[in-house]
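S.K.: First the structure, which I've put down as structure tokens, then a few questions once you've had a look.
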Amino acid sequence: YIRKAYEVGIRKIGENRVQEAEKKISELARDLECEWHLVGHLQTNKVKKALKLFDLIHSLDRLDLAKAINKEAQRENKVVRVLIQLNLSGEKTKYGFKEDEFWKALNELLSYEYLKIEGLMTIGPLTTNKDEIRKVFRNLYNIWEVLRVKENLDLRYLSMGMSEDFEIAIEEGSNLLRLGRIIFSKEFEVRE
Numbered sequence: 001y002i003r004k005a006y007e008v009g010i011r012k013i014g015e016n017r018v019q020e021a022e023k024k025i026s027e028l029a030r031d032l033e034c035e036w037h038l039v040g041h042l043q044t045n046k047v048k049k050a051l052k053l054f055d056l057i058h059s060l061d062r063l064d065l066a067k068a069i070n071k072e073a074q075r076e077n078k079v080v081r082v083l084i085q086l087n088l089s090g091e092k093t094k095y096g097f098k099e100d101e102f103w104k105a106l107n108e109l110l111s112y113e114y115l116k117i118e119g120l121m122t123i124g125p126l127t128t129n130k131d132e133i134r135k136v137f138r139n140l141y142n143i144w145e146v147l148r149v150k151e152n153l154d155l156r157y158l159s160m161g162m163s164e165d166f167e168i169a170i171e172e173g174s175n176l177l178r179l180g181r182i183i184f185s186k187e188f189e190v191r192e
């Protein structure tokens with residue numbers, strides 16, 4: 001299915017798990033010129049492997065992971081492109097910095113010389129209430145703007161929106177979507 005997506009112009013391929021990605025990337029990377037993105041949760045014990053496989057990590061969600069990535073990147077003398085994941089819905093099942101934790105951690109995150117922070121990422125709340133989804137996405141957009149304007153950070157990506165809520169995400173400023181089921185699943189239907 002990745003080859004078919006590539007044939008219609010998709011050049012950024014996201015994978016949720018390091019181990020599953022390893023096989024796909026080894027089979028496809030030499031044939032396909034694309035960026036490989038880790039969009040799922042990253043465990044610190046998988047950092048070394050992730051740095052070899054992925055061009056962009058969407059899920060920098062805690063300080064100990066930032067330290068581990070920076071340490072391994074320094075060992076490899078490689079700057080690693082990352083998005084900082086925020087949990088703005090407050091759902092306990094989601095990963096990411098809570099907003100207050102993020103602001104407290106920001107200076108430390110910026111101090112890691114082998115991390116290139118390219119943007120922010122969040123996952124919308126698990127609800128059909130469009131106003132709740134919009135509120136979370138608007139909040140991330142506002143944080144992104146503060147960082148770009150007041151902190152003068154060069155943040156390229158605002159990653160929010162998946163198959164269920166991508167339309168709201170686009171309306172709220174997303175410029176990087178994580179679409180899977182809507183493209184690859186026959187059973188998927190967009191909610192009205």
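Those letters in the sequence shown? Residues 1 to 192, per full-length UniProt numbering, in order.
Ideal Cβ placement from N, Cα and C applies to all residues, glycine included.
Keep in mind that this is a model prediction, so the values were computed, not measured.
Is it buried or exposed, GLY14, if we count other Cβ atoms within 10 angstroms and call 16 or more buried?
M.R.: buried
S.K.: With DSSP as the reference, label LEU109 as helix, strand or coil.
M.R.: helix
S.K.: Do LYS116 and VAL80 count as a contact pair if the criterion is CB distance below 8 Å?
M.R.: A contact, by the Cβ cut-off of 8 Å.
S.K.: Going by C-alpha to C-alpha distance, which of TYR141, GLU101, ILE168, PHE166 sits closest to ARG156?
M.R.: TYR141
S.K.: Please return the same chain residues whose Cβ sits closer than 6 Å to the Cβ of LEU177, not counting the five positions on each side in sequence.
M.R.: The residues are GLY161, PHE166.
S.K.: Going straight from the alpha carbon of LEU83 to that of ASP131, what length do you get?
M.R.: 25 Å
S.K.: How would you label SER26, buried or exposed, when you count the other beta carbons within 10 angstroms and need 16 or more for buried?
M.R.: exposed
S.K.: Whole angstroms is fine: what's the gap from ASP55's alpha carbon to GLU33's?
M.R.: Between ASP55 and GLU33, the alpha-carbon positions lie close to 12 Å from each other.
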